[in-house]
Each structure stands twice: as C-alpha cells, then as structure tokens.
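Using my numbering, the letters of the sequence shown map in sequence onto residues -19 to 272.
Note sheet for the following structure.
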Amino acid sequence: MSGAHPQALTGKHLAEGVMAGVRSALTQWAQAPEPFQPHLVSVLASSDPASAVYVDAKARRARKLGVAFSVRDLGAGATQAELHAALESLSTDETVHGIMLELPLAAGLDADEALLHVAHRKDVEGLTPGNLALIAAGREPEALLPPTPRSVRFLLRSVLGDDLRGLRVAVVGPGRTVGRPLTFMLNNRGVTVTVCNEHTRDLPGVLAGVDAVVVAVGRAGLLRPEHVQPHHVVIDAGINVKAGGGVEGDAVPELPVRAQSPVPGGVGPLTSALTYQNLVRAVRLQRGEPVA
-19 MSGAHPQALT GKHLAEGVMA GVRSALTQWA QAPEPFQPHL VSVLASSDPA
31 SAVYVDAKAR RARKLGVAFS VRDLGAGATQ AELHAALESL STDETVHGIM
81 LELPLAAGLD ADEALLHVAH RKDVEGLTPG NLALIAAGRE PEALLPPTPR
131 SVRFLLRSVL GDDLRGLRVA VVGPGRTVGR PLTFMLNNRG VTVTVCNEHT
181 RDLPGVLAGV DAVVVAVGRA GLLRPEHVQP HHVVIDAGIN VKAGGGVEGD
231 AVPELPVRAQ SPVPGGVGPL TSALTYQNLV RAVRLQRGEP VA
C-alpha cells in the first residue's frame, strides 16, 4: 500500500443522518396536540475561556434545532457542595431534560464526585457512573451512551459493516471518557478487544493482528507508520491543540492503512450530532416512550 492514500472516514455524512432523525422527533413533539420542547442545560463551574466558547456554540445549535437551552453558570468560585446542589436541583427538575457538565472544572473541584449528582437519564454526555455501569453490564438499551465512543463505533461500522462480531479491535488509551466505555461497547457487539496503555510492550507486534486500531490518548503523533499494517482501519479520537491554532489527532495523518479518520472532521461532527440524539433518547426514557 506504499504511496496509496487511506480511505478518509469523515463523520459529516453520518452526522447528517443522525440529525435528520433528531429533527424529525423535535418536529413531531412541536406539532403534538400538547406542544413539547426539550430543555437542555449546560452547567459551568470555571473561568475556562474555551468552555465559554463551546457553550455559546452549543446554544446557537440548540436554538436552530428548536431545543430550549440555558446555562447555569456557578462561576470559578463555586464550592463542591454548591456544584452538587445545582446538579441535584436540575436532576429533579421535571422541566429539564438534559444536563451537560462543562469540563474542565475550576481547580479544586472534583468532576467524578460531581457526576454522581447528575441523574443518569438526563446525562446526555453519558459520563455518569450509572450510565457507564449499564454499558458495562451489557444493558445499553437502558443507557445514554457517551457520544465519542459511539462515534467511533459508527465509523467502524461504516467501513467494516454493521455486524462487528468476531472482529479484532485494539483500543490505545483506556481513558474514562473514550477508551474504557468504548471497550465495553465494542464487546457488547461481539468484538474481541485488546486494550493498550503506556505500559504495553511491542505495540507494533500487539497491533499487527487486529482489524482496526482506535487511538484516544491525547498525545499528538503517538500512532506512527511503524505501528500499523496496510489492512488496518484507524479511528483517531485524540484531540490536541496545535501551537499555531487548530487541532490535530493522536495519529500521524495519511498513515499507510486501509482507512483512517481525520482530525478534525472524523469523530467530531458525529459526536455533536449524537449528543442531540441522546437528548431525544433522554426525553423518551423520562417520558416512558419507546426507545430504539
């Protein structure tokens, strides 16, 4: 495969399909005899400028879709107890259907502790222990799945086929938000999963026999040509901010492989769309409606 370009696994087309389903559900609710509009709340507890930018972008997209969006800004001086109280209040508020805790939190605040106070059926980012436990137990239909691992699974299916049973996938980076839940989510589809970390010896040898490699570490240039084989499908879920602006993934671009997702443009667009699909699922779970 020397000199050949890998198939680019972009998420835009898949994201458009997901968003069509989201718009259909929102339209049906808006036109119901008793019109209904889902309410999504973003919780801030920091002075991180990037978080403020992300929240503004989320607000614009939500309003375009017809989703009510509000921000609960606790400020960088919020205590852990104040954060917990705010999350518990939103979790029990029947007018709130989705909650997003914006990370990173201010120094001294514990995100893992905070997520214990978010109702798992309102956790549209799939990060609460309740959702992760359901995934690990093989009970995905009852859970809200984290959008980034779901994006990875979507992209794998787009090139390897809907039935992933029997395939071998290596997950490089067992992080809490991507690698760990993804390992269970792939296993739930019958995939044989190899989990690699910073202590893995002979990474090229470990990866040689797998069908696909997912990298999600947060270290630019981690996956290089000497690590991969021509038959590999590479899904890059790493995000690294470049010194001159912009972002890059964990894998070197244009690896000598069968297919590779770019950064940006691969996992990202699909992750955003799946967050809103999670909101639709959250509403249906909360209202006792059938969930596909």
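Every residue gets a Cβ at the ideal spot worked out from N, C-alpha and C, and that includes glycine.
Predicted, not measured: the structure shown is a model, and the values here were computed from it.
For residue i, three-class secondary structure by DSSP
i	result
A61	helix
L89	coil
G255	Here the sequence assigns Thr to residue 255, which means Gly is not the residue at that position. Helix at T255.
T174	strand
Q266	helix
Q8	helix
L235	coil
V98	coil
E105	coil
A(-12)	strand
L202	coil
V227	strand
V2	helix
V247	helix
V208	coil
V260	helix
V271	coil
Residues near residue i by beta carbon distance below 7 Å, same chain, minus five either side
i	result
A262	H77, G78, R101, K102, V104, L124
P129	V158, P161, L162, M165
R204	V232
L254	V(-2), P127, R130, S131
P210	M(-19), P236, V237, R238
F134	L(-6), L250
Residue i, enclosing alpha helix (DSSP H) - first and last residue
i	result
A123	Run containing A123: none; DSSP gives neither H nor E here.
I79	Taken as a continuous stretch (DSSP letters only), I79 belongs to no alpha helix (DSSP H), being part of the beta strand (DSSP E) at 78 to 81.
L20	Element bounds for L20: not the alpha helix (DSSP H) but the beta strand (DSSP E), 19 to 24.
V194	Note, V194: premise wrong, no alpha helix (DSSP H); beta strand (DSSP E) at 192 to 195.
V186	183 to 187
Residue span of the beta strand (DSSP E) that contains residue i, given as start and end
i	result
R52	48 to 53
A39	Here A39 belongs to no beta strand (DSSP E); instead the alpha helix (DSSP H) covers 29 to 45.
I215	213 to 216
Residue-chain proximity (residue i, chain B), Cβ-Cβ < 8 Å
i	result
G218	Absent from the structure is chain B; it holds one protein chain and no more.
Nearest candidate by alpha-carbon position, reference residue i, set the options
i	options	result
K38	S27, D28, S50	S50
P242	R264, V214, Q266, A223	V214
V151	A192, Y34, D182	A192
P184	L202, A196, T172	L202
D182	H212, H207, T72	H207
G229	G146, L6, A200, V171	A200
Nonlocal neighbours in the same chain, by C-beta distance under 6 Å from residue i, ignoring five residues either side
i	result
L114	E122, A123
G118	N168
Q257	V(-2), V2
V48	The sequence as given places Ala at residue 48; Val does not occur at that position. Same-chain partners within the cutoff: Q17, H19.
R264	V271
Residue i CB to nearest heavy atom of the ligand MG below 7 Å
i	result
E178	With respect to the ligand MG, the structure offers nothing, as it holds no ligand at all.
Cβ shell of residue i (< 8 Å), same chain only, five flanking positions each side left out
i	result
G189	R148
A234	The residue you asked about is not Ala; residue 234 is Glu in the sequence shown. So the list reads H(-15), P(-14), Q240, once near-sequence residues are dropped.
P84	S26, D28, S31, A91
>> Quick check for students: name the residue ranges of the beta strand (DSSP E) that lie wholly in the stretch 140 to 168, counting only runs of 3 or more.
In response: 148 to 152
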